[in-house]
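K.L.:
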Amino acid sequence: MKPGRTVMGFLLSALLLWWTLRDVPLDAVWNVLREANVWLFALCTIVGTSIFPMRARKWRPILEPVAGRLPFGPLWRSTAIGMMMNNVFPLRAGEFARAFALSREVPAVAMTSALGSLAVDRIFDALVVFLLMFAAMLDPQFPPGATIAGRSMSDVAVGGVALVGAALAVCYVIVLRPQVVVGLASRVAGRLLPARRDLIVGFVELGVGSLAVLRDTRRFAAVFGWTLLHWLTHALALWLGFEAVGIEAPLSAALFLQGVLAIGVAVPSSPGFFGVFEAAASVGLTVYGVPKELAVSWALGYHLLTFVPITVLGALYFARVGLRVRDVTQAQAR
Numbered sequence: 009m010k011p012g013r014t015v016m017g018f019l020l021s022a023l024l025l026w027w028t029l030r031d032v033p034l035d036a037v038w039n040v041l042r043e044a045n046v047w048l049f050a051l052c053t054i055v056g057t058s059i060f061p062m063r064a065r066k067w068r069p070i071l072e073p074v075a076g077r078l079p080f081g082p083l084w085r086s087t088a089i090g091m092m093m094n095n096v097f098p099l100r101a102g103e104f105a106r107a108f109a110l111s112r113e114v115p116a117v118a119m120t121s122a123l124g125s126l127a128v129d130r131i132f133d134a135l136v137v138f139l140l141m142f143a144a145m146l147d148p149q150f151p152p153g154a155t156i157a158g159r160s161m162s163d164v165a166v167g168g169v170a171l172v173g174a175a176l177a178v179c180y181v182i183v184l185r186p187q188v189v190v191g192l193a194s195r196v197a198g199r200l201l202p203a204r205r206d207l208i209v210g211f212v213e214l215g216v217g218s219l220a221v222l223r224d225t226r227r228f229a230a231v232f233g234w235t236l237l238h239w240l241t242h243a244l245a246l247w248l249g250f251e252a253v254g255i256e257a258p259l260s261a262a263l264f265l266q267g268v269l270a271i272g273v274a275v276p277s278s279p280g281f282f283g284v285f286e287a288a289a290s291v292g293l294t295v296y297g298v299p300k301e302l303a304v305s306w307a308l309g310y311h312l313l314t315f316v317p318i319t320v321l322g323a324l325y326f327a328r329v330g331l332r333v334r335d336v337t338q339a340q341a342r
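Just add 8 to wherever you are in the sequence shown, counting from 1, and you've got this note's numbering.
(1) So, does the region 46–53 touch the region 74–81, judging by three or more C-beta pairs under 8 Å?
(2) Compare the C-beta of V231 with all C-beta atoms of chain B and state if any pair is closer than 8 Å.
(3) Suppose the cutoff is 8 Å on Cβ atoms and the five residues either side in sequence are ignored; what does the same chain contact list for L244 look like?
(4) By how many angstroms is the C-alpha of Q149 removed from the C-alpha of M9?
(5) Taking the alpha-carbon positions, what's the L139 to L236 distance?
(6) Rounded to the nearest angstrom, what separates R42 and V304 at their Cα positions?
(7) Going along the chain, which unbroken runs of the alpha helix (DSSP H) with 4 or more residues stay wholly within the region 108–165?
(8) Closest to G254 by C-alpha separation, out of A44, A36, D35 and V37, would be which residue?
(9) Determine the direct distance from the alpha carbon of F282 to that of L269, and round the result to whole angstroms.
(10) For G322, count neighbouring Cβ atoms within 10 angstroms of its own Cβ and tell me buried if that reaches 16, exposed if not.
(11) Classify R30 as buried or exposed, calling it buried when 16 or more other Cβ atoms lie within 10 Å of its own Cβ.
(12) Are F315 and G280 close, meaning C-beta to C-beta below 8 Å?
(13) Would you mind working out which of V284, T57 and F250 sits nearest L23, comparing C-alpha positions?
(14) Mind checking G309: buried by the 16 CB within 10 Å criterion, or exposed?
(15) Can you tell me which of the three DSSP states A257 falls into?
(16) Just to confirm before moving on: does the CB-CB distance between F264 and A107 stay below 8 Å?
(17) Secondary structure at G330, three-state DSSP: helix, strand or coil?
(18) Which same chain residues end up closer than 8 Å to A288 when comparing Cβ atoms and leaving out the 5 residues on each side of it in sequence?
(19) Evaluate N95 with the Cβ neighbour count: other Cβ atoms within 10 Å of its Cβ, from every protein chain shown; 16 or more gives buried, anything less gives exposed.
(20) Which value, in whole angstroms, describes the spacing of the CA atoms of R65 and A203?
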């Protein structure tokens with residue numbers, strides 16, 4: 009792990025957490041959480057945790073072209089381990105850990121294939137999250153004239169959708185002309201890193217293979233369907249949290265907020281995205297006129313409640329599979 013980026017992530021998280029809480033009395037936050045509907049918060053936690061098995065199930069059709077039809081068990085355990093590692097280690101260490109855990113439990117899945125499949129996974133996530141965010145802005149209940157950092161939300165959403173669409177178009181070019189991409193990678197690696205040329209070309213070939221899901225209509229529909237279900241369920245969990253603390257906002261506000269959160273947690277941060285999550289939530293809910301005190305209370309309560317279950321589950325599976333942190337870090341350093 010790179011110390012400079014790790015330190016920067018912790019500093020940014022601390023700065024954002026200070027900025028979010030600087031004018032919000034902690035006793036007011038405690039009062040909001042103490043008076044929240046416990047049963048709704050519990051339901052919110054259950055629904056929020058259920059998205060992780062969905063993510064594991066979505067992984068299967070992505071890997072199918074390069075690894076065949078895998079059983080759900082290893083996919084789920086690897087996903088839980090990856091989410092746990094994201095929550096306790098910096099720099100999204102969980103992405104690598106998720107691929108590493110699967111390749112250890114299912115040796116037939118090459119590490120490079122697992123990593124390539126996760127890139128596809130994230131492309132579908134971005135596509136669906138921004139499409140749902142854009143759909144939320146078409147809701148008549150969306151606040152007119154809303155802006156973030158001086159830019160209209162329509163500009164932000166259209167820019168996001170355009171960016172994801174461009175990424176998807178690039179993926180299709182790679183799928184349709186794989187030899188061109190592999191050849192280009194070979195030439196560039198030969199000039200810049202000749203000693204690692206074969207390794208880089210092999211990685212690119214496996215990455216291209218992971219994108220094969222885009223060629224198959226059935227697999228594409230399966231991945232898109234599971235991604236859509238995942239993010240609709242996540243939005244429902246956010247909205248149940250709104251209800252628990254008394255935030256009056258439509259369900260479409262949760263679709264909008266998860267887009268803001270996705271943008272926020274993309275920046276380097278501390279493990280678990282603390283500080284970044286709260287700041288993004290405060291900004292997103294302010295668009296709907298939610299008082300900052302209430303927005304921050306919701307963010308802290310929701311974040312902590314959904315942080316614990318998957319972290320505990322991931323830690324249990326980590327021990328059960330027989331992994332060690334040193335195994336993951338050494339493999340990542342290679």
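C-beta: ideal position from N, C-alpha, C; glycine also.
P.N.:
If we stick to the structure as given:
(1) For the pair of segments examined, the region 46–53 was found not to touch the region 74–81: the number of CB pairs separated by less than 8 Å stays below three.
(2) In the structure shown, chain B cannot be found, because there is only a single protein chain.
(3) If you number the sequence shown from 1, residue 244 lands on position 236. Closer than 8 Å at the Cβ level, and outside the excluded window around L244, lie V55, L259 and A262.
(4) Taking the sequence shown and counting its residues from 1, one reaches residue 9 at position 1. Taking the sequence shown and counting its residues from 1, one reaches residue 149 at position 141. Note that M9 scores a pLDDT of 48, beneath 50, so its modelled location is shaky and nothing firm can be said.
(5) Locating residue 139 in the sequence shown gives position 131, where the first residue counts as 1. Locating residue 236 in the sequence shown gives position 228, where the first residue counts as 1. If I take the Cα positions, the gap works out to 10 Å.
(6) For the purposes of this step, residue 42 is taken as residue 34 along the sequence shown, with counting starting at 1. For the purposes of this step, residue 304 is taken as residue 296 along the sequence shown, with counting starting at 1. Between the alpha carbons of R42 and V304 lies a distance of about 14 Å.
(7) Complete alpha helix (DSSP H) runs here, min 4: 119–145.
(8) Counting from 1 along the sequence shown, the entry for residue 254 is found at position 246. Relative to G254, the option among A44, A36, D35 and V37 whose CA is nearest is A44.
(9) Numbered from its first residue, the sequence shown carries residue 269 at position 261. Numbered from its first residue, the sequence shown carries residue 282 at position 274. About 12 Å.
(10) Counted from its first residue, the sequence shown places residue 322 at position 314. Under this definition G322 is a buried residue.
(11) The sequence position of residue 30 within the sequence shown is 22, counting from 1. With fewer than 16 other Cβ atoms within 10 Å, it is exposed.
(12) Numbered from 1 along the sequence shown, position 307 holds the residue referred to as residue 315. Numbered from 1 along the sequence shown, position 272 holds the residue referred to as residue 280. Cβ distance < 8 Å, so F315 and G280 count as in contact.
(13) Working through the sequence shown from its first residue, we reach residue 23 at position 15. Minimum Cα distance to L23 is reached at V284.
(14) For the purposes of this step, residue 309 is identified with residue 301 of the sequence shown, where counting begins at 1. Answer is buried; the Cβ neighbour count reaches 16.
(15) In the sequence shown, the residue the question calls residue 257 occupies position 249. Coil.
(16) Locating residue 264 in the sequence shown gives position 256, counting from the first residue. Locating residue 107 in the sequence shown gives position 99, counting from the first residue. No, they are not a contact pair.
(17) Counting from one through the sequence shown, the residue named residue 330 turns up at place 322. Assigned with DSSP and collapsed to three states, G330 falls in coil, not helix or strand.
(18) Here residue 288 corresponds to residue number 280 of the sequence shown, with the count starting at 1. Only V268, L269, I271, G272 and V273 meet the Cβ criterion.
(19) Translated into positions along the sequence shown, residue 95 becomes position 87. Taking a 10 Å sphere around the C-beta of N95, we find 16 or more other C-beta atoms and assign the residue as buried.
(20) Here residue 65 is taken as the residue at index 57 of the sequence shown, counted from 1. Here residue 203 is taken as the residue at index 195 of the sequence shown, counted from 1. Each residue's alpha carbon lies about 38 Å from the other.
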